[in-house]
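One structure below.
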Amino acid sequence: MNCVSKYPQLSETYEKVRILSFEEKKAAVSDENKMNTLLDAILDLKKMISHKTEIIEELITELESITWIDESGKNELMLINDIVSSLKDFRSTLIRFYVSMNFIREKGIAKTEINQFKNAIDDLKEMTNDLESRFFILPSMPEFQETTKELSLV
Amino acid sequence: MKIYCLQEFKNQYEKLVRKNSYASVETDIIEYFFNNSIEQLASGTRLNNSNDTPYIKKRLKGSGGYRIYYLLIIKDDNVYLMFLHPKTGSMGYDNINDETKAFLYKKVLESIRTKHLFEVFVTNQKLYFKNINDI
Chain A
3 MNCVSKYPQL
13 SETYEKVRIL
23 SFEEKKAAVS
33 DENKMNTLLD
43 AILDLKKMIS
53 HKTEIIEELI
63 TELESITWID
73 ESGKNELMLI
83 NDIVSSLKDF
93 RSTLIRFYVS
103 MNFIREKGIA
113 KTEINQFKNA
123 IDDLKEMTND
133 LESRFFILPS
143 MPEFQETTKE
153 LSLV
Chain B
126 MKIYCLQEFK
136 NQYEKLVRKN
146 SYASVETDII
156 EYFFNNSIEQ
166 LASGTRLNNS
176 NDTPYIKKRL
186 KGSGGYRIYY
196 LLIIKDDNVY
206 LMFLHPKTGS
216 MGYDNINDET
226 KAFLYKKVLE
236 SIRTKHLFEV
246 FVTNQKLYFK
256 NINDI
């Protein structure tokens, strides 16, 4: 463009816009790539959190099945006690991971997956308490034991 | 299979079903208890040490759902619904304590003996309770 104007500002602005337009076209491709990388990372994060949730849910089902084993001897109770301790440790680790995702959650990223993960952690805590109830606390209540005996005669 | 419930269960159910956020509780109970055999109902967390009369805590509808406590008397093909609570929402809470678990267990035994029970039945996909002394 070789138009001559008495206002050099026009030529300068024109030159500026021309360069910006060209640079933006060049950048668009790489910006799109960056956005795709970010979206892929978010998808990977969602998958990773969902996978952890599934593992916890499967573990809870396995723990439920333990409550159906018949009266246990000292060795079994010791193992169950170890399981309870490990579960508490496991939960602490999961909680730390959950807290580490606070900044992601606050930005609304993977909100559903993070909430489901938190619910699974809460259920794991509930299941751990129930295991303790089933094998250690309720059996130590004489009235509870008496009720079991009496129900078998109903 | 016959399904009975304690007064505690009926009271809690009636409170929940009145709230819109827990409206699904009726369908959830019908689907689980009226579409499964007693053998299939013997799943979840067993709180006592009996295969013949298991005292069960069931997670209904997963994490954010309900917790239902019930007793099975396998030889009689009878189910006794004892208590339920949601995990989330205005009436939700995490768990009941051990004293309450023990109280409900004793209460179901007394209620079976004294026949202070309601029979639970379904008509047109609706849950109804009938005092067994009126039957």
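For the protein sequence lines, the chains are A and B, in the order given.
If you're matching positions, the first sequence starts at 3 in the numbering used here and goes up one per residue.
If you're matching positions, the second sequence starts at 126 in the numbering used here and goes up one per residue.
We put the CB at the ideal spot given by N, CA and C, even for glycine.
Contact list for residue i against chain A, beta-carbon separation under 9 Å
{"i": "Tyr230 (chain B)", "result": "Leu140, Glu145, Phe146, Thr149, Thr150, Leu153"}
{"i": "Asp202 (chain B)", "result": "Within chain A, no residue comes near Asp202 (chain B); the closest Cβ sits about 14 Å away, beyond 9 Å."}
Endpoints, the alpha helix (DSSP H) within which residue i is located
{"i": "Phe105 (chain A)", "result": "104 to 108"}
{"i": "Asn38 (chain A)", "result": "10 to 68"}
{"i": "Ala227 (chain B)", "result": "223 to 239"}
{"i": "Val124 (chain B)", "result": "Past the edges of chain B, shown from 126 to 260, lies residue 124 (chain B), and the structure says nothing about it."}
Residue i burial status per 10 Å Cβ neighbour count (16 or more: buried)
{"i": "Thr15 (chain A)", "result": "exposed"}
{"i": "Met207 (chain B)", "result": "buried"}
{"i": "Tyr218 (chain B)", "result": "exposed"}
{"i": "Asp177 (chain B)", "result": "exposed"}
{"i": "Leu126 (chain A)", "result": "buried"}
{"i": "Arg171 (chain B)", "result": "buried"}
{"i": "Ala145 (chain B)", "result": "Looking at the sequence shown, residue 145 (chain B) is not Ala but Asn. Classification for Asn145 (chain B): exposed."}
{"i": "Pro211 (chain B)", "result": "buried"}
{"i": "Glu128 (chain A)", "result": "buried"}
{"i": "Glu148 (chain A)", "result": "exposed"}
{"i": "Tyr138 (chain B)", "result": "buried"}
{"i": "Val6 (chain A)", "result": "exposed"}
{"i": "Gly169 (chain B)", "result": "buried"}
{"i": "Pro1 (chain A)", "result": "This structure cannot settle anything about residue 1 (chain A), because the visible part of chain A is limited to 3 through 156."}
{"i": "Tyr253 (chain B)", "result": "exposed"}
{"i": "Tyr9 (chain A)", "result": "exposed"}
{"i": "Ala122 (chain A)", "result": "buried"}
{"i": "Leu155 (chain A)", "result": "exposed"}
{"i": "Val233 (chain B)", "result": "buried"}
{"i": "Lys226 (chain B)", "result": "buried"}
{"i": "Glu25 (chain A)", "result": "exposed"}
{"i": "Lys182 (chain B)", "result": "buried"}
{"i": "Ala112 (chain A)", "result": "buried"}
{"i": "Thr63 (chain A)", "result": "exposed"}
{"i": "Arg238 (chain B)", "result": "exposed"}
{"i": "Ile1 (chain A)", "result": "Any answer about residue 1 (chain A) is impossible in this case: the structure gives chain A only from 3 up to 156."}
{"i": "Asp42 (chain A)", "result": "exposed"}
{"i": "Arg192 (chain B)", "result": "buried"}
{"i": "Leu196 (chain B)", "result": "buried"}
{"i": "Ser188 (chain B)", "result": "buried"}
Extent of the continuous beta strand (DSSP E) run through residue i
{"i": "Lys255 (chain B)", "result": "251 to 256"}
{"i": "Met1 (chain A)", "result": "Outside the shown range of chain A, which is 3 to 156, sits residue 1 (chain A), and nothing can be said about it."}
{"i": "Ile71 (chain A)", "result": "Note, Ile71 (chain A): premise wrong, no beta strand (DSSP E); not H, not E."}
{"i": "Tyr180 (chain B)", "result": "180 to 185"}
{"i": "Ile116 (chain A)", "result": "Run containing Ile116 (chain A): none in the beta strand (DSSP E); it sits in the alpha helix (DSSP H), 113 to 134."}
{"i": "Arg192 (chain B)", "result": "191 to 198"}
Amino acids of chain A, ordered along the chain, whose beta-carbon sits closer than 8 Å to that of residue i
{"i": "Ser98 (chain B)", "result": "Limits of chain B in this structure are 126 at one end and 260 at the other, which puts residue 98 (chain B) out of reach."}
{"i": "Ile198 (chain B)", "result": "Leu153, Val156"}
{"i": "Asp177 (chain B)", "result": "Ser154"}
{"i": "Leu172 (chain B)", "result": "Thr69, Asp132, Ser135, Arg136, Leu140"}
{"i": "Ile193 (chain B)", "result": "The contacting residues do not exist; Ile193 (chain B) stays about 13 Å from chain A at best."}
{"i": "Ser146 (chain B)", "result": "Simply none; closest approach about 16 Å."}
{"i": "Leu234 (chain B)", "result": "Thr149, Glu152, Leu153, Val156"}
7 Å Cβ cut-off: residues of chain A touching residue i
{"i": "Leu131 (chain B)", "result": "Those within 7 Å of Leu131 (chain B) in chain A number zero; the least Cβ separation is about 14 Å."}
{"i": "Asp223 (chain B)", "result": "Ser135, Ile139, Leu140"}
{"i": "Lys226 (chain B)", "result": "Ser135, Leu140"}
{"i": "Ile237 (chain B)", "result": "Val156"}
Counterpart residues of residue i in DSSP-defined beta bridges
{"i": "Tyr129 (chain B)", "result": "B:Tyr205, B:Glu244"}
{"i": "Thr170 (chain B)", "result": "B:Lys182"}
Chain-ordered neighbours of residue i on chain B, where CB pairs are closer than 8 Å
{"i": "Glu26 (chain A)", "result": "Going along chain B, no residue has its Cβ under 8 Å from Glu26 (chain A), so there is no contact; the nearest lies around 47 Å."}
{"i": "Asp72 (chain A)", "result": "Asn174, Asn176"}
Residues that residue i contacts on chain B, provided the C-beta gap is smaller than 9 Å
{"i": "Asn121 (chain A)", "result": "Gly187, Ser188, Gly189, Lys212, Thr213"}
{"i": "Asp2 (chain A)", "result": "Absent from the model: residue 2 (chain A). The displayed extent of chain A is 3 to 156, so no value can be given."}
{"i": "Asp125 (chain A)", "result": "Arg184, Gly187, Ser188, Lys212"}
Residues that residue i contacts on chain B, provided the C-beta gap is smaller than 7 Å
{"i": "Glu66 (chain A)", "result": "Gly169, Thr170"}
{"i": "Thr128 (chain A)", "result": "Correcting the residue type first, residue 128 (chain A) is Glu in the shown sequence and not Thr. Asp219, Asn220, listed in chain order."}
The ligand GTP heavy atom lying under 7 Å from the CB of residue i
{"i": "Ser154 (chain A)", "result": "The model on display carries no ligand, and the ligand GTP is accordingly not part of it."}
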